[in-house]
Amino acid sequence: MTLADAVAIVLFFGVTAYAIFGGADFGAGFWDLVAGGAERGERPRALIDHSIGPVWEANHVWLIFALVVLWTAFAEAFASITLTLFVPLTLAAFGIVLRGSSFAFRKAVFRTRDQRNFGAAFALSSVLVPYCMGAVAGAIAAGRVPSGGKTGDPVTSWVNPTSIVGGVLAVTVCAYLSAVYLTWDAKRLDDPEMEAYFRRRAIGAGVAAGVIAALGIVVFYSDARYLFDGLVSRALPLVILSGLCGVGSLVLLVRRANHGARLLSVGAVASVVVGWGVAQWPYLLPESLKVDQAAAPEGTLGAVLVVFALAAVIILPSLALLYVLDQKSLLAGEGVDEGPAPGD
Amino acid sequence: MLSDLLTPLAVNPLPWARAQMAFTLAFHIILVPLGVSWAAMALIANYRGIKHDDADALLLAQRWSKYMAVTFAVGAVTGTVLTFEFGLLWPKFMGRWGDAFGVPFALEGLFFFTEAIFVAIYIYGWRRLKPWPHFWTGIPIVIAGIGGSVSVIAANAWMNQPQGFTLNSAGEIIDVDPLAVIFNKAMPLEAAHMVVAAYIVGGFLVASVYAFGMLRGRNDRYHRIGFIIPFTVAAIAVPIQMGVGDQLARWVYQNEPEKFAAIELVPKTGDDVPETLLGRLNADGTKVEGGIPIPGLASILSDPGTGTGTVVQGRDAFPEDEQPTVRQANTVHLAWDVMVGLGTFLFLLSAWYALSWLFRRDYPRSKWFLRIASISGILAVITMEAGWVVTEVGRQPWIVRNYMKVEDAATGNTGVWITFLAVVGIYSVVGVTTILVLRGMSRRFREEAGDDETDVPYGPSARPEEVGAR
Ligand code: HDD
Ligand code: HEM
Ligand code: HEM
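If you read the sequences in order, they're chains A and B. Just so it is clear: in the first sequence, position 42 is 42 by my numbering, and no numbers are missing. Positions in the second sequence are counted from 1; adding 344 to them yields my numbering.
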């Protein structure tokens, strides 16, 4: 394995982590969006707020991580992607601003009207951002991003069958992941009603994600041939693994084994994302830019790997601490003079 | 097809890209000092609170951490936008230089990650963690804040002093020395100057809120501590900053003479160069018009050893297209005057405060002191923004000094003017809302002030049944 391969793996590690942690967060925004009016949606929204409160910021640093690795180690790929996919990336950036700030604002205000406005901005952008990210992934996978300083079509590069599949799949997968997590959280907080509420939604979203993924493979056959070929050869084991995990998680959900369902749902999503990477290997931008062509000099790659090793030593334990404290409900409140619960 | 329909909307992206970059950076940088120094100030209050059983200090620390949750979130999302923008606005810059320029950012990612994690633990840990362990979870925030800003500044300093790479004959990077990139020559002083600035701006901003409160008659102990802690931090940092700034200016004189010529508004090379307060270059850049010249001062400050005999290179020493234009030079000089002028003003304010402590063991009780203190936050922000204009506009026309010009780095995307307008719109709303939300929180805290005692920190929640619902 060359240094470039190692850094490409690190990059995909970041993308996968973002899909899992950031994805669950976005999905929570999706459920917030469809939770209904202020009264009907009050309980699910309270649960959503409670679950993502402490960890959302950390979850999204994975995006920064992936972007920084991409631009440092594979600068040409980064430049090509941003040149061609200007529109969806700009929309995603705006969505991130709206989402992050309105989520923080919503927690800080107590008037129902304000909460509702911020909540709406939060929820809408939670759908917009993963759609754009999925569309970007679709555009890359379908080979619509040329390399070498050329600009691909500013519109059709991301408005095309593969990108649409990518976008819709991303939104659905986020919703699925998040519903599974929320089922588990509701159970942990002893709220059987919400547990059932999110279990139904988890199963629905899981089935939808499976159907869209299957349809996607058909679309890829005609629209993204390199990806398709990879998915049915090199990446086939991962595709199968993802399917098995997905079905398994649904079975466990029905049998109320929430913990196992959560693990399997993560497995299903992770193997899809990794499968995408394996399917387009050895290309970063299919059929125009290979991993080793795009790679930075060794000094830079070495630095990225060293930083990654440092991250493993410093950040993984810190993250573990954060999630453990959170799961033990030790991060229950900001300050002590909490205001009334949302919707009061 | 659709793209053909869009052609009438096509506008040269370069000025818009610059404007957008400058606007989003200028916005982000206001939140940065809060992210870097507020946690430190909250920890000082937190420490007092636990160690000396000081309920007011503890309450301050808690409330500050709640405000921090908001400013940190806005800082994080605006920072994320910057990350996108490097590619969206300057793809050729990133494509060609990302190999080197990216390295400090990889390190920065490490610090931000740590910061985000511990901010979450600290902010949400008040109720259930034990006092001292909770206090310690705040320390990594302070360290990561400093480390993070040093790494970002290393990237900026590298644009001023690019080094640590080897080019082939086609001008492509073929080898990178990551340590030489991070520890480039401009980095140590620039980083020190910014970290100190973060403590100055953060300190004055927080202090000014409490100064304002005291002017409004809220003269209780809680407000006094809320004023004294941050103001002291800032007042200690200001004199340090004067020293660092002085070094930095001399460094620029030695290493970036074309920027120095713009800073000091020097049209012609020579000795005995005056320090001109205000004033501007005439249209063809040959003469300084207006302003108050202080004879010889620029020469003396550039090298006190040789005094007024110090030769300063003027704008005539550099090719027209390798230094800021006349307009840019005027901007740089004005920004310089603003930074140094306001910096000196803040220094005098800090000296007033220090003398009062020295002789009266108290902060100055004069209404005028509080009035000035209540705008010190805004003044400090302006000082910092002006400093950045000196650095950034003074680097023009280069994006990577002596290697790549800004015009060669920009995206070809002709719709940038639209994204610029959208950015200004969105950020204005976010900025105004942030202030309104913070004010709303503070008002609510005051109204709730009565029941603070019922809900003691570090104890079981007074409303345990609510925890589940939230
Ligand atoms: C509140 C903050 C503050 C204060 C009081 C000062 N500065 Fe400053 N200055 C900044 C905040 C700042 C900054 C954080 O905005 C900059 C922009 C880039 C940087 O590293 O620091 C800066 C840049 C900057 C530069 C340009 C560096 C470069 O382009 O490489 C010089 C020469 C100085 N400063 C010098 C001074 C002097 C002589 C000061 C004394 C009065 C001073 N600064 C006060
Ligand atoms: C680490 C920090 C920073 C980095 C890496 C950085 C990088 C850049 C880049 C790449 C550009 C575009 C190229 C150019 O016009 O030269 C730019 C321009 C600019 N930046 Fe910065 N910047 C940083 C901090 C800031 C801050 C905090 C401000 C605050 C005001 C600022 C103000 C500007 C301005 C005014 C311009 C436009 C200059 C012009 O075109 O005349 N920068 N910066
Ligand atoms: C062009 C330059 C810059 C980029 C690309 C950038 C990027 C970012 C990003 C991505 C974040 C969010 C990290 C997270 O999610 O925790 C962030 C926040 C932050 N940035 Fe920047 N930044 C830039 C300029 C600066 C400068 C000049 C400084 C300091 C001197 C700085 C200091 C910080 C700090 C301390 C935070 C933590 C969040 C906060 O407290 O507000 N950044 N920045």
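Backbone N, C-alpha and C fix where the C-beta goes; we use that ideal spot for every residue, glycine too. Keep in mind it's a predicted model, so treat the numbers as computed, not measured.
Subject >> Residues sharing a beta bridge with E633(B), DSSP >> reply: Numbered from its first residue, the second sequence carries residue 633(B) at position 289. According to DSSP, which records beta bridges pairwise, E633(B) is partnered with R624(B).
Original post:
For T675(B), which residues from the same chain have a beta carbon less than 6 Å from its beta carbon, with the 5 sequence-adjacent residues on both sides left out?
Top reply: To locate residue 675(B), count along the second sequence from 1; it is residue 331. Hits under 6 Å: V737.
Original post:
How big is the Cα-Cα spacing for L645(B) and F509(B)?
Top reply: Counted from its first residue, the second sequence places residue 645(B) at position 301. Counted from its first residue, the second sequence places residue 509(B) at position 165. Their backbone Cα atoms lie some 33 Å apart in a straight line.
**OP:** Hey, could you find the ends of the alpha helix (DSSP H) Y411(B) is sitting in?
**Re:** The count along the second sequence starts at 1 and reaches residue 411(B) at position 67. For Y411(B), the enclosing alpha helix (DSSP H) covers residues 399-433.
Original post:
Quick one, are the C-beta atoms of P713(B) and F367(B) less than 9 Å apart?
Top reply: Numbered from its first residue, the second sequence carries residue 713(B) at position 369. Numbered from its first residue, the second sequence carries residue 367(B) at position 23. Looking at the sequence shown, residue 713(B) is not Pro but Phe. Their beta carbons are not under 9 Å apart, which means F713(B) does not touch F367(B) by this criterion.
Original post:
If you draw a straight line from the C-alpha of L402(B) to the C-alpha of S495(B), how long is it?
Top reply: Mapped onto the second sequence, residue 402(B) falls at position 58. Mapped onto the second sequence, residue 495(B) falls at position 151. Those two C-alpha atoms are separated by around 32 Å.
Subject >> Among F371(B), N356(B), G570(B), A354(B), the one whose alpha carbon lies nearest that of V774(B) >> reply: Counting from one through the second sequence, the residue named residue 774(B) turns up at place 430. The candidate whose alpha carbon is nearest that of V774(B) is F371(B).
Original post:
Sorted by chain position, which residues of the same chain lie with C-beta nearer than 8 Å to T654(B)'s C-beta, five sequence neighbours on each side aside?
Top reply: Taking the second sequence and counting its residues from 1, the one referred to as residue 654(B) is at position 310. These residues qualify, in order along the chain: D615, V617, S643, I644, S646, D647.
Subject >> CB contact check: P345(A) to chain B, cutoff 9 Å >> reply: Because residue 345(A) is not part of the residues shown, which for chain A are 1 to 344, the question remains open.
Original post:
Taking 8 Å as the line, does the beta carbon of M503(B) fall inside it for any heavy atom of ligand 2?
Top reply: In the second sequence, residue 503(B) corresponds to position 159, counting from 1. Answer for M503(B): yes, Cβ within range of ligand 2.
Subject >> Coarse secondary structure for V336(A), derived from DSSP in three states >> reply: Mapped onto the first sequence, residue 336(A) falls at position 336. The predicted model places V336(A) with a pLDDT of 40, which falls under 50 and marks its position as unreliable; any figure quoted below should be read in that light. In the three-state reduction of the DSSP assignment, V336(A) falls in the coil class, being assigned neither a helical nor a strand state.
**OP:** Using only alpha-carbon positions, find the residue among I497(B), I485(B), V414(B), F604(B) that is nearest to R739(B).
**Re:** In the second sequence, counting from the first residue as 1, residue 739(B) sits at position 395. Looking at I497(B), I485(B), V414(B), F604(B), the one whose alpha-carbon comes closest to that of R739(B) is F604(B).
Original post:
Residues in the segment 274-297 of chain A with C-beta within 8 Å of chain B's C-beta atoms, listed in sequence order?
Top reply: Taking 8 Å as the Cβ-Cβ cut-off against chain B, the residues of the segment 274-297 of chain A that qualify are A296, P297.
Original post:
How is M1(A) classed by DSSP in three states: helix, strand or coil?
Top reply: Indexing the first sequence from 1 puts residue 1(A) at position 1. M1(A) falls in the coil class under three-state DSSP.
Original post:
Are W276(A) and R234(A) closer than 9 Å when you measure CB to CB?
Top reply: As a position in the first sequence, residue 276(A) is number 276, starting the count at 1. As a position in the first sequence, residue 234(A) is number 234, starting the count at 1. No; because the gap between Cβ atoms is not below 9 Å, this pair is not in contact.
Original post:
Can R106(A) and S125(A) be called in contact, C-beta distance under 9 Å?
Top reply: Position 106 of the first sequence holds residue 106(A). Position 125 of the first sequence holds residue 125(A). The Cβ atoms of R106(A) and S125(A) lie no closer than 9 Å to each other.
Original post:
What residues of chain A sit near K436(B), judged by a beta carbon separation below 9 Å?
Top reply: As a first step, residue 436(B) must be located in the second sequence, where it is residue number 92. Near K436(B) (Cβ distances below 9 Å), the residues of chain A are A79, L83, G149.
Original post:
With a CB to CB cut of under 7 Å and the five nearest residues on each side skipped, what residues in its chain are close to L432(B)?
Top reply: Locating residue 432(B) in the second sequence gives position 88, counting from the first residue. So the list reads T755, once near-sequence residues are dropped.
**OP:** Look at V539(B) and V380(B) and say whether their C-beta atoms are less than 9 Å apart.
**Re:** If you number the second sequence from 1, residue 539(B) lands on position 195. If you number the second sequence from 1, residue 380(B) lands on position 36. Cβ distance < 9 Å, so V539(B) and V380(B) count as in contact.
Subject >> Per-residue burial, I816(B) [other beta carbons within 10 Å of its own, 16 or more giving buried] >> reply: Within the shown structure, residues of chain B are numbered from 345 to 814, placing residue 816(B) beyond reach of any answer.
Subject >> Q740(B) beta carbon near ligand 2 (any heavy atom closer than 8 Å) >> reply: For the purposes of this step, residue 740(B) is taken as the residue at position 396 of the second sequence. Yes; taking the cut-off as 8 Å, the Cβ of Q740(B) has a heavy atom of ligand 2 nearer than that.
Original post:
Checking contacts by CB at 9 Å: is P475(B) closer than that to chain A?
Top reply: Indexing the second sequence from 1 puts residue 475(B) at position 131. With 9 Å as the cut-off, P475(B) does not count as an interface residue toward chain A.
**OP:** Taking only the alpha-carbon atoms, compute the straight-line gap between P342(A) and D25(A) and give it to the nearest angstrom.
**Re:** For the purposes of this step, residue 342(A) is taken as the residue at position 342 of the first sequence. For the purposes of this step, residue 25(A) is taken as the residue at position 25 of the first sequence. In this predicted model, P342(A) has a pLDDT of only 30, less than 50, meaning its place in the structure is not dependable; the value taken from the coordinates is given anyway. Here the alpha carbons of D25(A) and P342(A) stand approximately 19 Å from one another.
Original post:
Can you tell me whether DSSP reads Y566(B) as helix, strand or coil?
Top reply: Taking the second sequence and counting its residues from 1, one reaches residue 566(B) at position 222. Secondary structure at Y566(B): helix, using DSSP grouped into helix, strand and coil.
**OP:** Over the uninterrupted beta strand (DSSP E) stretch that includes L284(A), give me the two end residues.
**Re:** For the purposes of this step, residue 284(A) is taken as residue 284 along the first sequence, with counting starting at 1. Boundaries of the beta strand (DSSP E) around L284(A): 283-285.
**OP:** Output yes if chain B places a C-beta closer than 9 Å to the C-beta of C76(A); else output no.
**Re:** Within the first sequence, residue 76(A) is the residue found at index 76, counting from 1. Note on residue identity: the sequence assigns Glu, not Cys, to residue 76(A). At a cut-off of 9 Å between beta carbons, E76(A) contacts chain B.
Original post:
So does the segment 132-141 of chain A actually touch the segment 160-167 of chain A, counting three or more Cβ pairs closer than 8 Å?
Top reply: The segment 132-141 of chain A makes contact with the segment 160-167 of chain A: 3 or more CB pairs, one atom from each, lie closer than 8 Å.
Original post:
Beta-carbon separation of V486(B) and A383(B) under 9 Å?
Top reply: Position 142 of the second sequence holds residue 486(B). Position 39 of the second sequence holds residue 383(B). Their beta carbons are under 9 Å apart, which means V486(B) touches A383(B) by this criterion.
**OP:** Please report how far the alpha carbon of R144(A) lies from the alpha carbon of V447(B), in whole angstroms.
**Re:** Reading the first sequence from its first residue, position 144 is the one you call residue 144(A). Reading the second sequence from its first residue, position 103 is the one you call residue 447(B). Each residue's alpha carbon lies about 28 Å from the other.
**OP:** Evaluate P663(B) with the Cβ neighbour count: other Cβ atoms within 10 Å of its Cβ, from every protein chain shown; 16 or more gives buried, anything less gives exposed.
**Re:** Within the second sequence, numbered from 1, the residue matching residue 663(B) stands at position 319. It is exposed - the Cβ of P663(B) has fewer than 16 other Cβ atoms within 10 Å.
Subject >> chain B contact for K187(A) (CB, 9 Å cutoff) >> reply: Within the first sequence, the letter at position 187 stands for residue 187(A). Residue-level contact check: K187(A) does not touch chain B, since none of the beta carbons of chain B fall below 9 Å from its beta carbon.
Original post:
Is L284(A) closer than 9 Å to A77(A) when the C-beta atoms are compared?
Top reply: Counted from its first residue, the first sequence places residue 77(A) at position 77. Counted from its first residue, the first sequence places residue 284(A) at position 284. Yes, the pair counts as a contact, with Cβ atoms nearer than the cut-off.
Original post:
What residue range is occupied by the uninterrupted alpha helix (DSSP H) comprising F78(A)?
Top reply: Taking the first sequence and counting its residues from 1, the one referred to as residue 78(A) is at position 78. Looking at the DSSP string, the run of the alpha helix (DSSP H) that includes F78(A) is 75-84.
Subject >> Where W158(A) falls: helix, strand or coil (DSSP) >> reply: Counting from one through the first sequence, the residue named residue 158(A) turns up at place 158. Under the three-state reduction of DSSP, W158(A) is assigned to coil, being neither helix nor strand.
Original post:
Can you tell me the Cα-Cα spacing of A214(A) and V171(A), whole angstroms?
Top reply: For the purposes of this step, residue 214(A) is identified with residue 214 of the first sequence, where counting begins at 1. For the purposes of this step, residue 171(A) is identified with residue 171 of the first sequence, where counting begins at 1. Roughly 15 Å separates the two Cα atoms.
Subject >> chain B contact for W158(A) (CB, 9 Å cutoff) >> reply: For this step, residue 158(A) is matched to residue 158 along the first sequence. No - not a single Cβ of chain B is within 9 Å of the one on W158(A).
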